[in-house]
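To start, the structure under review is shown below, and the notes come after it.
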Amino acid sequence: MPLRSPPFRVARHLFLFPVAVSSPFSPPRRIQLACMSSLAASNPAEDGCGGVGVRAKRGRLRGLVFDMDGTLTVPVIDFGAMYRAVLGEEGYASYRAARASAGGVDILHHIESWAPPEQQRAYEIIAHFERQGLDRLQIMPGASELCRYLDSRQIRRGLITRNVNTAVDIFHQRFGMEFVPALSREFRPYKPDPAPLLHICSIWDVPPSEVMMIGDSLRDDVVCGKRAGAFTCLLDETGRYGSPDSYTDDIRPDFKVSSLSEVLSLLETHFDLMPEPQMT
Ligand SMILES: [Mg+2]
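Numbering (the working numbering), first residue to last: 63 to 342.
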């Protein structure tokens, strides 16, 4: 008699689930492991027999690529207000409806289809909100510790943001540590296109399957990482994304954490970190 199928498929990747939501200023919470019922099929690092995690072989990792706003810095830009100012009340209502039903509208792409005068006005509004964000910029708790750890293990770190290059320069000045390469939205196409991540992998001469993309946006950071074939980690500080059970395959990350502090133990637990001795 055939064995009954298990109630769910064993995941190739394991998620790190927060027991409770933590604020940026709270100490790291205890985390627990949970198996997921679906697979990140696009990730070439998977082996088809259990994959990465404590139940199977460990992944190899040579580099981490970070999102900036909301990941390395505390989120300060009011995106709702910014989109409302760019799109107007009616446009913003349509944007929210499209986001809820069809998986979202990329506002930067949307603006590119406008006539030049409207485009310029929109970019000026966005720049205004981004300048306000820079004035209040704070480094995300756990970011410095994580970067020092990566340095100690000779693991590369890069950055991809949809913000402008000026913001990256200011971030580097205030953070005191550099991310190389650091690609801003002047690099086209930007996230969620995988091009910037593949570009970084090419410069590093590291396969995407040995890189992890970390960010606070499912639709930009996680999708970018998955399309490139990298490991992906969603930073969800506030629990706004809810349970990954509700995610569709195209946006389901390999890992989910509620603070950057948890990334350190994630790396220790699930990966063989491959040092780059010549790294400067
Ligand atoms: Mg972000």
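Ideal Cβ positions, reconstructed from N, Cα and C, are used throughout, including at glycine.
**For residue 121, the nearest candidate out of 331, 129 and 225 (CA to CA)** = Of the candidates 331, 129 and 225, the residue whose Cα lies closest to the Cα of residue 121 is 331.
**Prompt:** If you check the beta carbons only, do residue 322 and residue 205 fall under 8 Å apart?
**Reply:** Contact: yes.
**Message:** For residue 291, count the other beta carbons within 10 Å of its own beta carbon; 16 or more makes it buried, fewer makes it exposed. Which is it?
**Reply:** With 16 or more Cβ atoms within 10 Å of its Cβ, residue 291 is classed as buried.
**Request:** List the DSSP bridge partners of residue 244.
**Result:** Note: residue 244 sits in a beta bridge opposite 221.
**Prompt:** Since residue 122 sits in a beta bridge, which residues does DSSP pair it with?
**Reply:** Residue pairing of residue 122 in beta bridges, as defined by DSSP: 334.
**Message:** Please determine whether the Cβ atom of residue 132 lies at a distance below 7 Å from any heavy atom of ligand 1.
**Reply:** Relative to ligand 1, the nearest heavy atom lies less than 7 Å away from the CB of residue 132.
**Prompt:** Hey, residue 133 and residue 202 are a contact pair by Cβ (cut 8 Å); roughly how many whole angstroms apart?
**Reply:** Contact holds; Cβ gap of about 7 Å.
**Message:** Counting C-beta neighbours from all protein chains within 10 Å, is the total for residue 184 16 or more, i.e. buried, or is it exposed?
**Reply:** It counts as buried.
**Bounding residues of the beta strand (DSSP E) (the contiguous stretch that carries residue 273)** = 273-277 is the extent of the beta strand (DSSP E) around residue 273.
**Prompt:** Grouping DSSP H, G and I as helix and E and B as strand, with all else coil, what is residue 288?
**Reply:** If DSSP states are grouped into helix, strand and coil, residue 288 belongs with the helices.
**Item:** residue 153 versus residue 159: straight-line alpha-carbon distance, rounded
**Value:** Answer to the nearest angstrom: the Cα atoms are 10 Å apart.
**Message:** Quick check: is any heavy atom of ligand 1 less than 7 Å from the C-beta of residue 277?
**Reply:** Yes, since a heavy atom of ligand 1 falls inside the 7 Å radius drawn around the Cβ of residue 277.
**Message:** Does the distance between the C-beta of residue 129 and the nearest non-hydrogen atom of ligand 1 fall short of 7 Å?
**Reply:** Yes, the Cβ of residue 129 comes within 7 Å of a heavy atom of ligand 1.
**Request:** Give a yes or no on whether the C-beta atoms belonging to residue 208 and residue 136 are separated by under 8 Å.
**Result:** Result no, Cβ atoms of residue 208 and residue 136 do not sit closer than 8 Å.
**Item:** Nearest-angstrom Cα separation, counted from residue 307 out to residue 247
**Value:** Their Cα atoms are separated by approximately 31 Å.
**Request:** With a threshold of 16 other CB atoms inside 10 Å of the CB of residue 250, please say whether the residue is buried or exposed.
**Result:** By the neighbour-count rule (16 or more Cβ atoms within 10 Å), residue 250 is not buried but exposed.
**Request:** Only counting runs of 3 or more residues, tell me where the beta strand (DSSP E) segments fall wholly within the segment 153-203, in order along the chain.
**Result:** The beta strand (DSSP E) runs of length 3 or more contained entirely in the segment 153-203 do not exist; there are none.
**Pair within 8 Å by beta-carbon distance, residue 268 and residue 125** = The answer is yes: Cβ separation under 8 Å.
**Request:** Find out if the Cβ-Cβ distance for the pair residue 313, residue 285 is shorter than 8 Å.
**Result:** Against a cut-off of 8 Å, the Cβ pair of residue 285 and residue 313 comes out as a contact.
**Request:** Return the CA-CA distance between residue 336 and residue 259, expressed in angstroms with no decimal places.
**Result:** One C-alpha to the other measures close to 19 Å.
**Length of the line joining the Cα atoms of residue 138 and residue 199** = Just so you know, the alpha carbons of residue 138 and residue 199 end up roughly 7 Å apart.
**Item:** Secondary structure of residue 228, DSSP reduced to three states
**Value:** Correct three-state label for residue 228: helix.
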